[in-house]
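Participant:
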Amino acid sequence: MDRFIDVIEWIAAFFVGVVALNTFLAVFMRKFFSVTIPDYYNVGQFLLGILIFWGIAATSYRGTHITVDLLWGNVGARAQRWIDVFATLVLLFVVTVQTYTLFDKVVTTRADGIVTMDLQMPIWPFFLVAWLGDVAAVVLIAIRTWRLIFHPDELHDPKFKPVE
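So in my numbering the end of the sequence shown lands on 171, straight run, no missing numbers.
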């Protein structure tokens, strides 16, 4: 299971590199050659959307995203665990609903035949890859929930101390 989680994190990291490369190439070509790459802005937007959804998948399992733990930091270990379970269940519900609505967007965008301006590329594959990131997020959050409830020792959460 940990290898699957690592693969999701590497995919998210790959899209960070792709977004950075797209931006670098667009700026470099425009600055030094006065050439604009066709559809670079639209493709950049779609890649950023993909990056966001795969990033959600990567951060949701590890629990290392930005949190406000004022209550959590001032209760015992047992209460902390149940707060974590509750918060993860809420996150699972929200991301599952988001995944459902994004799938609808993939289907309708494909059916409508929406394409980019310059190269006339269909945009639904970008939405599909973003949706796959959202599916990965749901799977990883479900795994995190399972481990929080039944196998908390298998989580690799960093240990934070409350501010004193």
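In this text, a Cβ means the ideal position worked out from N, Cα and C, and glycines have one as well. Bear in mind the structure is a predicted one, so any value in this text is a computation, not a measurement.
What's the C-alpha gap between L155 and W138?
Facilitator: Their Cα atoms are separated by approximately 25 Å.
Participant: Between the Cα of M124 and the Cα atoms of I90, M36, G140, P45, which residue gives the shortest distance?
Facilitator: Nearest option by C-alpha distance: P45.
Participant: Report the three-state DSSP secondary structure of P132 (helix, strand or coil).
Facilitator: In this structure, P132 counts as helix in the three-state DSSP scheme.
Participant: So within the region 68–155, which uninterrupted alpha helix (DSSP H) runs reach at least 4 residues, ignoring any that extend past its ends?
Facilitator: With a minimum length of 4 residues, the continuous alpha helix (DSSP H) runs that stay inside the region 68–155 are 84–119.
Participant: Residues in its own chain within less than 7 Å of T95 by CB, not counting five upstream and five downstream?
Facilitator: Within the same chain, T95 has close Cβ partners I148, R151, T152, L155.
Participant: At a cut of 8 Å, does the region 90–104 reach the region 48–58 through at least three beta carbon pairs?
Facilitator: Because the criterion of three Cβ pairs below 8 Å is not met, the region 90–104 and the region 48–58 do not touch.
Participant: Determine whether the beta carbon atoms of W17 and G140 lie at a separation below 9 Å.
Facilitator: The answer is no: Cβ separation not under 9 Å.
Participant: Please report the residue range of the alpha helix (DSSP H) in which E16 lies.
Facilitator: Start and end: 9–40.
Participant: Would A144 pass as a contact of I63 if the rule is Cβ separation under 9 Å?
Facilitator: A contact, by the Cβ cut-off of 9 Å.
Participant: Is it buried or exposed, V106, if we count other Cβ atoms within 10 angstroms and call 16 or more buried?
Facilitator: According to the sequence provided, residue 106 is Thr. The question's Val does not apply to it. Looking at its Cβ environment, which holds 16 or more other Cβ atoms inside 10 Å, T106 is buried.
Participant: Tell me the rounded alpha-carbon separation between P132 and V102.
Facilitator: Those two C-alpha atoms are separated by around 20 Å.
Participant: Give me, in chain order, the residues of the same chain whose beta-carbon lies closer than 7 Å to that of M128; leave out the 5 immediate sequence neighbours on both sides.
Facilitator: Once the five neighbours on either side are set aside, the close Cβ partners of M128 are D46, V122.
Participant: In whole angstroms, give me the CA-to-CA distance for V113 and D119.
Facilitator: Roughly 10 Å between the two C-alpha positions.
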